[in-house]
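For what it's worth, UniProt numbering labels the leading residue of the sequence shown as 1, then goes sequentially.
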Amino acid sequence: MALLMEPGAEPLTESEQADLAGIAAIKESAAREYKEQGNQFVRMGRRHYAAAVSCYTKAIAQMEPLSSLDASAAADASVLFANRAHVNILLGNHRRALDDAEQAIRLSPSSVKAYYRAVKAALALDLLTDAASFCRKGLEQDPPNEEFKKLLSEVDSKLREQDRQRAKVAQAIAKAKDLAAAMGKRGVKLGKAAYQELTGVKKPVLDEQGVLHWPVLLLYPEGGFGKPLSRSEVLRYLLEGNVDSKALPDSLLDGEDEEHDSTKCTTVTSTDSSSKWIKVKEGKTLQEVLQDKGYIVPAIPVFFVVSRKSTFYKDFKAGNWSLP
């Protein structure tokens with residue numbers, strides 16, 4: 001009897017051949033029945049998709065081993081895998097759908113349906129290069145297919161956008177490396193950002209000439225962060241160390257007042273990782289402050305400006321004041 005034959009053994013008698021033919025017919029009939037049940041479950045809606053997958057899986061099991069199928073049976077098995085891929089796409093199981101679609105293509109390289117399922121699954125997985133390849137192979141099988149043409153146009157558009165994004169990321173990384181190298185060359189040490197609610201995402205910029213431009217945060221604890229400044233104060237703080245004040249027109253430096261007699265304190269982190277206040281002499285340039293070996297700058301320089309003539313300065317210096 002064929003049922004008692006060893007796996008891989010060839011039928012020797014007519015009886016064994018007849019038994020094998022009968023078994024094959026039963027399995028083929030069962031596969032068709034499971035396939036039709038699966039199709040019916042798909043038509044019944046989403047609540048029945050899992051049952052449809054189960055039916056297609058049972059139908060595929062009736063056709064195994066797949067390697068022994070003739071061309072006609074392989075084409076039938078390809079349809080089953082393509083159908084299961086379709087339901088897996090509907091369920092959001094895109095990796096399983098792609099695996100099924102690729103198996104369907106291996107079984108029947110001319111299956112337009114299998115290529116279509118592969119494109120949809122690859123797109124959902126953002127495998128754009130694979131999706132484009134499946135589109136082109138599908139068009140080789142069915143050149144007039146408008147759906148493949150539309151999908152290929154969509155994929156090509158996404159690939160171009162992906163290339164643009166990669167170029168932007170590469171450019172940003174290159175700029176960040178150049179900025180880090182410039183800071184290292186200048187001896188500047190950066191630490192954790194401070195006062196980001198005021199500074200946002202501002203950061204130093206290295207221009208094409210290799211000049212490092214720093215945003216600076218000036219805080220005025222005596223009168224609140226919005227205290228207005230005289231023109232001379234603005235010029236003094238922003239141009240100090242960069243522009244010779246003697247070269248400026250007198251009209252820009254008039255209006256000196258008692259608030260001009262001030263001191264700057266900056267919040268830094270020392271090399272032993274403890275945060276503390278550092279008094280900065282007004283005569284120092286920003287570059288000199290940033291290059292101090294004992295300072296770690298909190299992302300961008302932060303200075304508190306206090307008048308030495310005010311009563312607040314005594315409290316500030318004595319430590320009888322804290323951040324709001």
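For glycine and all other residues, C-beta sits at the position ideal for the given N, C-alpha and C. As the structure is a computational prediction, the values presented were derived from the model and not from experiment.
Item, Value
"If you count every other CB in all the chains shown that lies within 10 Å of the CB of residue 60, and 16 or more means buried, which is it?", "buried"
"Considering only C-alpha positions, which residue in the set 196, 222 and 190 is nearest to residue 292?", "190"
"Could you spell out where the alpha helix (DSSP H) holding residue 290 opens and where it closes?", "286-290"
"Does chain D have any CB closer than 9 Å to the CB of residue 36?", "Of the chains in the structure shown, none is chain D; there is only one protein chain."
"Please classify residue 301 as buried or exposed, where buried requires at least 16 neighbouring CB atoms within 10 angstroms.", "buried"
"Taking the CB atoms as reference points, tell me whether residue 87 and residue 53 lie closer together than 9 Å.", "yes"
"Taking the alpha carbon of residue 159 as the reference point, which residue from 128, 175 and 188 has its own alpha carbon closest?", "128"
"For residue 206 versus residue 179, is the C-beta distance shorter than 9 Å?", "yes"
"Of the residues 296, 166 and 75, which one's Cα is nearest the Cα of residue 184?", "296"
"Look up residue 300 in the DSSP assignment and say whether it is helix, strand or coil.", "coil"
"Write down the C-beta distance between residue 71 and residue 85 rounded to the nearest angstrom, noting that I regard them as a contact closer than 8 Å.", "With a Cβ gap of about 21 Å, residue 71 and residue 85 do not count as contacting."
"Taking only the alpha-carbon atoms, compute the straight-line gap between residue 77 and residue 150 and give it to the nearest angstrom.", "28 Å"
"Quick check: the Cα distance between residue 200 and residue 298, rounded to an integer number of angstroms?", "13 Å"
"State the Cα-Cα distance for the pair residue 46 and residue 93, rounded to the nearest angstrom.", "13 Å"
"Grouping DSSP H, G and I as helix and E and B as strand, with all else coil, what is residue 58?", "helix"
"For residue 211, which of helix, strand or coil comes out of DSSP?", "coil"
"Please work out which residues of its chain come closer than 7 Å, Cβ to Cβ, to residue 121, disregarding the five sequence neighbours upstream and downstream, and give them in chain order.", "85, 89, 94, 97, 98 and 101"
"Of the residues 138, 177, 175 and 131, which one's Cα is nearest the Cα of residue 156?", "131"
"Check whether the region 111-126 touches the region 134-145, counting contact only when three or more Cβ pairs, one atom from each stretch, lie closer than 8 Å.", "yes"
"Nearest to residue 187 by CA position, among 107, 81, 294 and 322, is which residue?", "294"
"Taking just the CA atoms, how far does residue 192 sit from residue 173?", "20 Å"
"Can you tell me whether DSSP reads residue 216 as helix, strand or coil?", "coil"
"Distance check for residue 64 and residue 58, CA to CA, integer angstroms please.", "10 Å"
"When burial is assigned at 16 or more other CB atoms within 10 Å of the CB, is residue 289 buried or exposed?", "buried"
"What does the alpha-carbon distance come out to for the pair residue 240 and residue 198?", "Note that residue 240 scores 49 on pLDDT, short of 50, meaning its location in the model is unreliable and no value can be drawn from it."
"Comparing alpha-carbon positions, which option in 194, 175, 219 and 221 lies nearest residue 208?", "175"
"Note down, in chain order, each residue of its chain lying with its Cβ closer than 7 Å to the Cβ of residue 31, except the 5 sequence neighbours on either side.", "59, 62 and 63"
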